[in-house]
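K.L.:
In terms of the working numbering, the sequence shown is numbered consecutively and its last residue is 690.
The C-beta atom is built at its ideal place from N, Cα and C for all residues, glycine as well.
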Amino acid sequence: DGITIIATGPLTSPKMSDELTRLSGEQHLYFFDAISPIVEADSIDRSIAFRGSRYGRGIREEGDYINCPMDERQYTEFVRALVAADRIPLRSFESAISSGVRAGLHRYFESCLPLEILAERGEKSLAFGPLRPVGLVDPRTNKRSHAVVQLRQDDLAGELYNLVGFQTNLRYGEQRRVLRMIPGLENAQFARYGQMHRNTFMNSPKLLEPTLQFRGRDDLFFAGQLTGVEGYLGNIATGLLAGVNAARVADGDELMTLPEETMLGALCHYITHADSKNFQPMKANFGILPPLPPGKRMNRRDRARARAERAKASLAEVWPPQGETLRIAIA
360 DGITIIATGP LTSPKMSDEL TRLSGEQHLY FFDAISPIVE ADSIDRSIAF
410 RGSRYGRGIR EEGDYINCPM DERQYTEFVR ALVAADRIPL RSFESAISSG
460 VRAGLHRYFE SCLPLEILAE RGEKSLAFGP LRPVGLVDPR TNKRSHAVVQ
510 LRQDDLAGEL YNLVGFQTNL RYGEQRRVLR MIPGLENAQF ARYGQMHRNT
560 FMNSPKLLEP TLQFRGRDDL FFAGQLTGVE GYLGNIATGL LAGVNAARVA
610 DGDELMTLPE ETMLGALCHY ITHADSKNFQ PMKANFGILP PLPPGKRMNR
660 RDRARARAER AKASLAEVWP PQGETLRIAI A
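1. Please go through the same chain and pick out, in chain order, the residues whose beta-carbon is closer than 6 Å to the beta-carbon of T684, but skip the five residues on each side of it.
2. For the ligand NAD, I want to know if F580 counts as a neighbour, meaning its beta carbon is within less than 8 Å of at least one of the ligand's heavy atoms.
3. At the level of alpha carbons, what is the spacing between C471 and G553?
4. Less than 9 Å between the beta carbons of S395 and N528, yes or no?
5. Are the beta-carbon atoms of S484 and P492 separated by less than 9 Å?
6. Do you know whose CA, among L370, A366, S383, S372, lies nearest R576's CA?
7. Please list the segments of the alpha helix (DSSP H) lying wholly inside the region 462–516, counting only runs of 4 or more residues, in order along the chain.
8. Here's the rule I'm using: 16 or more other beta-carbon atoms within 10 Å means buried, otherwise exposed. How should S372 be labelled?
9. Let's see if you can read the secondary structure: which residues bound the alpha helix (DSSP H) around M375?
10. When you compare only the Cα positions, how much space is there between I476 and G494?
11. Terminal residues of the continuous beta strand (DSSP E) containing F391?
12. When we look at the beta-carbon of T380 and count the other beta-carbons within 10 Å, is it buried (16 or more) or exposed?
13. Would you call the region 597–606 and the region 661–671 touching, i.e. three or more CB-CB distances under 8 Å?
14. Within 10 angstroms of its Cβ, does I418 collect 16 or more other Cβ (buried), or is it exposed?
15. Between which two residues does the alpha helix (DSSP H) harbouring V608 extend?
16. To the nearest whole angstrom, what separates the beta carbons of M641 and A393, a pair I think is in contact under 8 Å?
17. Of the choices D360, I403, G587, whose alpha-carbon is the least far from that of L626?
18. So is S563 buried or exposed if we call it buried at 16+ other beta carbons inside 10 Å?
19. Measuring only the C-alpha atoms, how far is G682 from G654?
20. With a floor of 3 residues, list each beta strand (DSSP E) that falls wholly inside the region 407–461, ordered by position along the chain.
21. Kindly list the residues whose CB is nearer than 6 Å to the CB of P369, restricted to its own chain and excluding five residues on each side of it in sequence; keep chain order.
22. Quick one: is M622 buried, meaning 16 or more other Cβ sit within 10 Å of its Cβ, or exposed?
23. Around the Cβ of P618, are there at least 16 other Cβ atoms within 10 angstroms (buried) or fewer (exposed)?
24. For M622, write down the residues that DSSP places opposite it in a beta bridge.
25. Taking C-beta to C-beta, are Q433 and M540 nearer than 9 Å?
26. Rounded to the nearest angstrom, what separates G524 and Q572 at their Cα positions?
27. For P569, I'd like the list of residues in its chain whose CB is within less than 7 Å of its CB, leaving aside the five on either flank, ordered along the chain.
28. Go ahead and pull the three-state DSSP assignment for F560.
29. Between which two residues does the beta strand (DSSP E) holding E613 run?
30. Where Y424 and A516 are concerned, what is the direct C-alpha to C-alpha distance, given to the nearest angstrom?
31. Taking just the CA atoms, how far does T500 sit from G598?
32. Between which two residues does the beta strand (DSSP E) carrying Y520 extend?
33. Measure the beta-carbon distance from M429 to P498 and round it to whole angstroms, keeping in mind my assumption that it falls under 8 Å.
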């Protein structure tokens, strides 16, 4: 009872997990993540990749996915490199991953396996699984490819595309090397690398407000990795926001929702508004911020500076003047 902040982290104890399950419902608490790599849209080679949905079925007329076609040689070389690549070793409490685990709400996450383990089951396993080409015709050749890697646009961050079904435990450098073998991704810039490990996290889009307040109880807040935020700094920052809002509840003040133009505001917006059926943890990256207004072309450094200035300006509108140091930290 009373104002509470829960920030128990990725290895939440069984007893606390039982309490969280009772509070949130069994279908909204997960014990493994299945994160696919995310690439920046403008780093995809559109002269090779094409838009489309299987059998032409989709919401968009031009197709819901970006598709990277592979011929048989490209596919074989990719699979062999994937299987041989260096991996992050699984720890003893993560051994279940090798045989498949539930890692989210959607049925896609049931019996979920790292891509490289699926590839070890046979050289053709990916071509009949996540890389199956059925229902997709390359408009440049008017033929079906041997295999196709599909990239899906993030629901909230339109500048980001995730590789469908590519949850992996390859080391980050190996992911960069192997995934750039995919036609169309030779120069891919990664906003997030894939991973699959033991991680207790909530289905925050169903359970939390952007203030980090639990939807079923006004005096209960969550923070840290349990909310679906990845990265040390991002998780520390959620603790700051949860603490500020807990104090505001105690004082009877209005809770603070941070502007989406700030990185912490964008993270909190993302974890509470993403598609709950496909929700997986997210780390801080420029792709979750709103696009900059159209204007002159800028290099990466200038874009980063413009985003920082915009964040500080938007935060100044909601944060009191005496909070200068905290404003800069959150921005």
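P.N.:
The structure says:
1. Taking the first residue of the sequence shown as 1, we reach residue 684 at position 325. Residue placement at T684 is poorly supported in this model, since its pLDDT is 49, which falls under 50; the coordinates still yield a value, given next. Taken in chain order, the list of residues that qualify is empty.
2. Of ligands this structure carries none, so the ligand NAD is not represented either.
3. Within the sequence shown, residue 471 is the residue found at index 112, counting from 1. Within the sequence shown, residue 553 is the residue found at index 194, counting from 1. C471 and G553: Cα-Cα distance of roughly 14 Å.
4. Position 36 of the sequence shown, counted from the first residue, corresponds to residue 395. Position 169 of the sequence shown, counted from the first residue, corresponds to residue 528. No; because the gap between Cβ atoms is not below 9 Å, this pair is not in contact.
5. Here the question's residue 484 lines up with position 125 in the sequence shown. Here the question's residue 492 lines up with position 133 in the sequence shown. Going by beta carbons, S484 and P492 fall outside the 9 Å limit.
6. The count along the sequence shown starts at 1 and reaches residue 576 at position 217. Selection L370, A366, S383, S372 evaluated against R576 yields S383 as nearest (Cα-Cα).
7. The alpha helix (DSSP H) runs lying completely inside the region 462–516 and spanning 4 residues or more are 474–479, given in chain order.
8. If you number the sequence shown from 1, residue 372 lands on position 13. Counting other Cβ atoms within 10 Å of its Cβ, S372 stays below 16 and is therefore classed as exposed.
9. As a first step, residue 375 must be located in the sequence shown, where it is residue number 16. First-last of the alpha helix (DSSP H) with M375: 373–383.
10. Sequence index remark: in the sequence shown, residue 476 carries index 117 (1-based). Sequence index remark: in the sequence shown, residue 494 carries index 135 (1-based). Approximately 25 Å, taken between the alpha carbons.
11. Taking the sequence shown and counting its residues from 1, one reaches residue 391 at position 32. Boundaries of the beta strand (DSSP E) around F391: 388–391.
12. Mapped onto the sequence shown, residue 380 falls at position 21. Its Cβ having fewer than 16 others within 10 Å, T380 is exposed.
13. Remark: fewer than three beta-carbon pairs, one from each stretch, lie closer than 8 Å, so the region 597–606 and the region 661–671 are not flagged as touching.
14. Here residue 418 refers to the residue found at position 59 when the sequence shown is read from its first residue. When all chains shown are included, I418 counts as exposed.
15. The residue labelled residue 608 in the question sits at position 249 within the sequence shown. If you look at V608, you'll find it in the alpha helix (DSSP H) that goes 591–610.
16. By 1-based counting over the sequence shown, the position of residue 641 is 282. By 1-based counting over the sequence shown, the position of residue 393 is 34. Contact doesn't hold; Cβ gap of about 13 Å is too wide.
17. Residue 626 sits at position 267 when you count from the first residue of the sequence shown. The option with the nearest alpha carbon to L626 is G587.
18. Taking the first residue of the sequence shown as position 1, residue 563 is located at position 204. So S563 ends up on the buried side.
19. Working through the sequence shown from its first residue, we reach residue 682 at position 323. Working through the sequence shown from its first residue, we reach residue 654 at position 295. Residue confidence for G682 is low, a pLDDT of 48 falling below 50, so the modelled location carries little weight; the figure read from the coordinates is stated next. Cα to Cα, the separation comes out at about 32 Å.
20. Secondary structure in the region 407–461: the beta strand (DSSP E) runs of 3 residues or longer, each lying completely within the stretch, are 409–411, 424–429 in chain order.
21. Within the sequence shown, numbered from 1, the residue matching residue 369 stands at position 10. Sequence-distant Cβ neighbours of P369 in its own chain, meaning closer than 6 Å and more than five residues away, are N558, T559, Q584.
22. Here residue 622 corresponds to residue number 263 of the sequence shown, with the count starting at 1. Around the beta-carbon of M622, 16 or more other beta-carbon atoms lie within 10 Å, marking it buried.
23. In the sequence shown, counting from the first residue as 1, residue 618 sits at position 259. Burial call: buried.
24. Here residue 622 corresponds to residue number 263 of the sequence shown, with the count starting at 1. DSSP, once it has assigned bridges, lists no residue as partnering M622.
25. Stepping through the sequence shown from its first residue, residue 433 is reached at position 74. Stepping through the sequence shown from its first residue, residue 540 is reached at position 181. In this structure, M540 lies closer than 9 Å to Q433 by Cβ.
26. Against the sequence shown, residue 524 aligns to sequence position 165. Against the sequence shown, residue 572 aligns to sequence position 213. The straight-line gap from Cα to Cα measures roughly 31 Å.
27. Mapped onto the sequence shown, residue 569 falls at position 210. Same-chain partners within the cutoff: T616, C627, H628, T631.
28. Along the sequence shown, one-based indexing puts residue 560 at 201. Strand at F560.
29. Counting from one through the sequence shown, the residue named residue 613 turns up at place 254. In this chain, E613 is not harboured by any beta strand (DSSP E), its DSSP state being neither H nor E.
30. Counting from one through the sequence shown, the residue named residue 424 turns up at place 65. Counting from one through the sequence shown, the residue named residue 516 turns up at place 157. Rounded to the nearest whole angstrom, the CA to CA distance from Y424 to A516 is 15 Å.
31. The residue you call residue 598 lines up with position 239 of the sequence shown. The residue you call residue 500 lines up with position 141 of the sequence shown. Straight-line Cα distance between these residues: approximately 53 Å.
32. As a working mapping, residue 520 is identified with position 161 in the sequence shown. Where Y520 is concerned, the enclosing beta strand (DSSP E) stretches over 519–522.
33. The residue you call residue 429 lines up with position 70 of the sequence shown. The residue you call residue 498 lines up with position 139 of the sequence shown. Contact doesn't hold; Cβ gap of about 16 Å is too wide.
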